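Numbering (full-length UniProt numbering), first residue to last: 1 to 489.
In this text, a Cβ means the ideal position worked out from N, Cα and C, and glycines have one as well.
Just so you know, these numbers come straight off a predicted model, no measurement behind them.
Below is one structure; the comments refer to it alone.
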Ligand SMILES: *Cc1c(COP(=O)(O)O)cnc(C)c1O
């Protein structure tokens, strides 16, 4: 099955075999030139594949079987929270009152949808310990940028527009420095100490009256909880900076600890990670931002409010707002799914999610610890990072291990990240996986560690059972061929 060769759709063309039949034209034919402005009409007909409906069905079904998703197998991709997305979410998102409304409809005709958004905001406020939430941002990175633009507007409004530095730890997710740069800040890196946590001395050294904000993930990308978080936020606040929480992966603290109680001023969440929105493949996502009271005036507009008569209304009269960050009101369908999830789980359910996510990660970490280096040997939260440096000495790199996992039908963990771990493998099992699945994956990891010692070439040359074997990744990234060309061979 896996090895069957699947031709391109263009290679299936059989002239005049078509997938539709239309009745004879019984209305006057119109020249396109009469309808469209000059220059907009194609000279030659588009080259479309001529295939039958059945052929096209089989073609795309065969391709879809080559995909790996949470519904088809284990997906321990660290910092991504590839958990199961309950199908109930899909049923609710497809209710026609949600699926078929239009963003330009009058407010009084969509009160139910607005109430759902309002209630979702309220739940997220409670979960994060923030005072207000916007649902506009479409992804985590978009949320980061939105919050940074608000921090920028806040400093400016206070006559402190000179604050142009954003501090990020060396273990930070790559989107953090990227968002800071796009928002017009200069980023400063703060080092991790030997325990994998923010080095407080280094932090004290880099803060100053030009500090706009610190961006922090807690637990950090090593899966470790920043136990000095109160001191960290105090250091930033004492110089007038804001503390930003990258809450893309809330799986480790949800219903246990709240960024708002740790001294954070704002936070973004990834509803397409922690709150079971489907993700991957480029979206759509949802990256709401929560803020403490002094950032509320700068929220993107419109802001959804509940009026005294109990109805819901979009408030555009927000003179200090950073403006819109997304057409309309965010990715509504993903917000419906997240709301469904939160309401079906309840606070107790969300607490259990956190407990199982952390338990699963610690269980796997301890099972794998004898076979791989564990650079930061402490209890982890929702994920942990192994190092492949022991295998590297045998000539087997982390990339080889990741490729070998494909032979067993697993999606590999995140590799070579975070950057402060040599040959890193970042594993996040999530709470939705059973002990049998975790054990089966660990067994394969242990088998690969043994292969690295006894038969390294089988790992170095992997994968062996996939549709294509090892790709030239540099060439694939530098000279991708994304479009069919007839004469390309
Ligand atoms: C996934 C992730 C992001 C970025 O989220 P996107 O929705 O992919 O933009 C940011 N920070 C952390 C820690 C993440 O895991």
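Residue 79 has its CB nearer than 7 Å to a heavy atom of ligand 1. Set against 7 Å, the gap from the CB of residue 85 to the closest heavy atom of ligand 1 is not smaller.
Straight-line measurement puts the Cα of residue 284 at about 22 Å from the Cα of residue 66.
Cβ neighbours of residue 245 within its own chain (closer than 6 Å, five residues either side excluded): 259, 264 and 267. Residues 83, 84, 85, 86, 89, 337, 338 and 341 of the same chain have their beta carbon placed closer than 8 Å to that of residue 276, with the five preceding and five following residues left out of the count. Contact between the stretch 147 to 164 and the stretch 200 to 218 is present: three or more C-beta pairs spanning the two stretches fall below 8 Å. At a threshold of 7 Å, residue 246 counts as near ligand 1, since its beta carbon sits closer than that to one of the ligand's heavy atoms.
With fewer than 16 other beta carbons inside 10 angstroms of its own, residue 45 counts as exposed. In the displayed model, residue 387 falls within a strand according to three-state DSSP. Judged by DSSP in its simplified three-state form, residue 339 adopts helix. The three-state secondary structure of residue 56, taken from DSSP, is helix. Take residue 446, set aside five residues on each side of it, and the residues of its chain with a beta-carbon closer than 6 Å to its own are 371, in chain order. In the three-state reduction of the DSSP assignment, residue 130 falls in the coil class.
Distance from the Cα of residue 80 is smallest, within the candidate group 412, 255 and 467, for 412. Looking only at 333, 193, 325 and 58, the smallest Cα-Cα distance to residue 183 is reached by 325. Relative to ligand 1, the beta carbon of residue 173 is positioned inside 7 Å of a heavy atom. For residue 148, the enclosing alpha helix (DSSP H) has its first and last residue at 140 to 157. One Cα belongs to residue 290, the other to residue 176, and the distance between them is close to 17 Å. Annotation for residue 399: the continuous alpha helix (DSSP H) segment containing it runs 398 to 406. Taken from the Cβ of residue 140, at least one heavy atom of ligand 1 lies inside 7 Å. If you check the C-beta of residue 228 against ligand 1, you find no heavy atom less than 7 Å away.
Cα atoms of residue 322 and residue 149: separation of roughly 7 Å, rounded to the nearest angstrom.
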